[in-house]
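Residue numbers (this note's numbering): 569 to 734.
Notes for the one structure printed next.
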Ligand SMILES: [Zn+2]
């Protein structure tokens with residue numbers, strides 16, 4: 569089953585070549601994740617190339633994976649993740665760039681967004697109490713934060729895979 573999960577994730581990658589998807593290193597835990605259904609937005613840093621990462625979300629048309637590149641080492645001040653809206657202290661959020669799908673991406677067109685530097689949004693939305701390092705959106709519960717993460721991740725995926733704006 570593990571091999572199947574890995575193959576499905578690689579074939580779901582929407583914004584990189586087949587070769588790049590094949591060469592991507594998946595952390596061990598990702599291979600163990602149940603994909604049917606995938607209730608969470610999963611993200612990870614490539615364990616062999618920390619500047620690279622990926623997001624995986626179950627959209628209306630099935631699994632979609634987005635390959636990301638960290639554009640910075642991390643924000644120098646406290647910042648909020650655009651996907652899960654968790655506020656982190658300095659370094660906890662990083663700017664990531666996702667190449668657009670298809671011809672636009674091959675010509676260098678990309679979409680940038682600030683996301684939890686470890687891409688572990690699914691874990692961060694489950695944090696019940698704010699800590700010094702990590703502050704969830706005040707006045708929300710875990711279910712609301714998970715739903716919000718999913719909604720914003722799908723919107724981000726649509727921007728990356730959709731037709732160029734303008
Ligand atoms: Zn996040």
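The beta carbon of each residue, even a glycine, is placed where N, CA and C say it ideally should be.
Does the Cβ of residue i have 16 or more other Cβ atoms within 10 Å, making it buried, or fewer, making it exposed?
i, result
"residue 613", "buried"
"residue 710", "exposed"
"residue 617", "exposed"
"residue 626", "buried"
Please name the residue in the options whose C-alpha comes closest to that of residue i.
i, options, result
"residue 720", "578, 638, 646, 693", "693"
"residue 654", "637, 625, 688, 573", "688"
"residue 714", "635, 729, 695", "695"
"residue 656", "724, 577, 682", "682"
Which value, in whole angstroms, describes the spacing of the CA atoms of residue i and residue j?
i, j, result
"residue 647", "residue 633", "25 Å"
"residue 651", "residue 678", "17 Å"
"residue 641", "residue 623", "18 Å"
"residue 589", "residue 575", "10 Å"
"residue 594", "residue 708", "32 Å"
"residue 661", "residue 644", "9 Å"
"residue 702", "residue 639", "21 Å"
"residue 587", "residue 580", "13 Å"
"residue 584", "residue 667", "8 Å"
Counting along the chain, where does the alpha helix (DSSP H) carrying residue i start and finish?
i, result
"residue 598", "596-600"
"residue 613", "Careful: residue 613 lies outside any alpha helix (DSSP H), inside the beta strand (DSSP E) at 610-614."
"residue 640", "Here residue 640 belongs to no alpha helix (DSSP H), and DSSP marks it neither H nor E."
So residue i is in the beta strand (DSSP E); what residue range does that whole segment cover?
i, result
"residue 627", "617-627"
"residue 699", "Here residue 699 belongs to no beta strand (DSSP E), and DSSP marks it neither H nor E."
With a threshold of 8 Å between beta carbons, is residue i in contact with chain C?
i, result
"residue 602", "Annotation note: the requested chain C is absent from the structure, which comprises a single protein chain."
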